[in-house]
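The next block holds one structure in the form of C-alpha cells; read it before the comments.
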C-alpha cells in the first residue's frame, strides 16, 4: 500500500525533527516539502510508524504493509491550505516508482483518513486526488452513468466495508468516504450521491486495476 499524509505541523523543520526523533515513535518513508524537495527518511524495506491503529481491506497492521509519504502542510489545526504544484509534481513520479517497485494497485493507494477515519483527517479535502487519478495513481471519482442503488443506510455501510473502510464508527467512515470522493460536501449524511459513487467504485474493473 501507499498511505498519504500531511504533516500537520507549522513548518517542514518541525516535521522533520519529529519524524527523526526516536522518542516520538513516529516516522515515514518520505517527506515532501512544499517546494518539492524529497527527504528519504526510512528505507522502503523497513517498517515506518506512520499509520498507527488503522484498517484497510482486512489489513490491520498497515505499517508493515505500506509506504508512508508525508506532505508538508500545516493541516486543519494550523491553517490548512492547498498543496503547491511543486509538491505534487515531486509526489507523482515518486509514487509511480513505488507503485511499480511493489506492484501496488490503485485501490491500495489511500489517505491516512481512509485507514484511520476515527482519528485522522489527512491529507484532507484539499488534496488533489483527481490529479493523481488522471495518471492512474489513485481511484478516480466516478462521474458518468451514476445510478442510485437505493440501499438502506445499513446496506451502504456494508458496501463501504466491502470497498475497504472500517465501519466500527459509522459516521466517521461516511465522513472519510466523503472527504476522499466528495470533498465539496462533507456532512456525514448517506445520500443518493454517496450511494451512487460507492456503487460505481465497486463495479468490476479491468484485472490488476482495483
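In UniProt numbering, the protein residues as written are 1 to 210.
Just so it is clear, CB atoms sit at the ideal spot from N, CA and C, and this is done for glycine as well.
A quick note: this is a predicted structure, and the numbers were derived from the prediction, not measured.
*What does a CB cutoff of less than 6 Å around residue 42 pick up in its chain, not counting 5 residues either side in sequence?*
In the chain shown, counting from the first residue as 1, residue 42 sits at position 42. Once the five neighbours on either side are set aside, the close Cβ partners of residue 42 are 27, 29 and 48.
*Buried versus exposed, by CB contacts within 10 Å (16 or more), residue 144*: Locating residue 144 in the chain shown gives position 144, where the first residue counts as 1. Residue 144 is exposed by the Cβ-count criterion.
*So, using beta-carbon positions, are residue 90 and residue 124 closer together than 8 Å?*
As a working note, residue 90 is residue 90 in the chain shown. As a working note, residue 124 is residue 124 in the chain shown. No; because the gap between Cβ atoms is not below 8 Å, this pair is not in contact.
*Contacting residues, own chain, Cβ-Cβ under 6 Å from residue 69 (five flanking each side not counted)*: Here residue 69 is taken as the residue at index 69 of the chain shown, counted from 1. The answer, listed in chain order, is 4 and 30.
*Would you give the residue range spanned by the alpha helix (DSSP H) that residue 212 belongs to?*
A question about residue 212 goes unanswered here, because the residues of the chain that appear run from 1 up to 210.
*Is residue 158 closer than 8 Å to residue 170 when the C-beta atoms are compared?*
Against the chain shown, residue 170 aligns to sequence position 170. Against the chain shown, residue 158 aligns to sequence position 158. No.
*Examine the Cβ distances between the segment 187 to 203 and the segment 139 to 154 and report whether three or more of them are shorter than 8 Å.*
yes
*residue 126 and residue 165: beta carbons closer than 8 Å?*
The residue given as residue 126 occupies position 126 in the chain shown. The residue given as residue 165 occupies position 165 in the chain shown. Cβ distance not < 8 Å, so residue 126 and residue 165 don't count as in contact.
*Are the beta-carbon atoms of residue 122 and residue 52 separated by less than 8 Å?*
Here residue 122 is taken as the residue at index 122 of the chain shown, counted from 1. Here residue 52 is taken as the residue at index 52 of the chain shown, counted from 1. Cβ atoms of residue 122 and residue 52: not closer than 8 Å.
*asked:* Going by C-alpha to C-alpha distance, which of 95, 77, 129 and 174 sits closest to residue 66?
replied: Position 66 of the chain shown holds residue 66. Nearest of 95, 77, 129 and 174 to residue 66, Cα basis: 95.
*Among 85, 23, 183 and 57, which one has its Cα closest to the Cα of residue 109?*
Working through the chain shown from its first residue, we reach residue 109 at position 109. Closest by alpha carbon: 57.
*Is the CB-CB distance between residue 148 and residue 113 below 8 Å?*
Counting from 1 along the chain shown, the entry for residue 148 is found at position 148. Counting from 1 along the chain shown, the entry for residue 113 is found at position 113. Against a cut-off of 8 Å, the Cβ pair of residue 113 and residue 148 comes out as no contact.
_Assuming residue 172 and residue 118 are in contact, meaning their beta carbons sit under 8 Å apart, how far apart are those beta carbons, in whole angstroms?_
Translated into positions along the chain shown, residue 172 becomes position 172. Translated into positions along the chain shown, residue 118 becomes position 118. About 4 Å separates the two Cβ atoms, so the contact holds.
*Beta-carbon contacts of residue 136 that lie in its chain and below 7 Å, excluding the five residues immediately before and after*: Counting from 1 along the chain shown, the entry for residue 136 is found at position 136. For residue 136, where only same-chain residues beyond five positions count, the Cβ hits under 7 Å are 106.
*May I have a chain-ordered list of the beta strand (DSSP E) segments no shorter than 3 residues that lie completely inside the segment 130 to 206?*
none
_Once DSSP output is grouped into helix, strand and coil, what is the label at residue 68?_
Position 68 of the chain shown, counted from the start, is the residue given in the question as residue 68. Residue 68: strand per DSSP, three-state reduction.
*Rank 116, 73 and 78 by C-alpha distance to the C-alpha of residue 85 and give the top, closest one.*
Position 85 of the chain shown, counted from the start, is the residue given in the question as residue 85. Looking at the Cα atoms, 73 is the closest of the given residues.
*Could you please give me the residues that DSSP links to residue 40 through a beta bridge?*
Taking the chain shown and counting its residues from 1, one reaches residue 40 at position 40. The partner list for residue 40 (beta bridge, DSSP) reads 30.
_Test item: CB-CB of residue 116 and residue 64 under 8 Å_ = Numbered from 1 along the chain shown, position 116 holds the residue referred to as residue 116. Numbered from 1 along the chain shown, position 64 holds the residue referred to as residue 64. Not a contact, by the Cβ cut-off of 8 Å.
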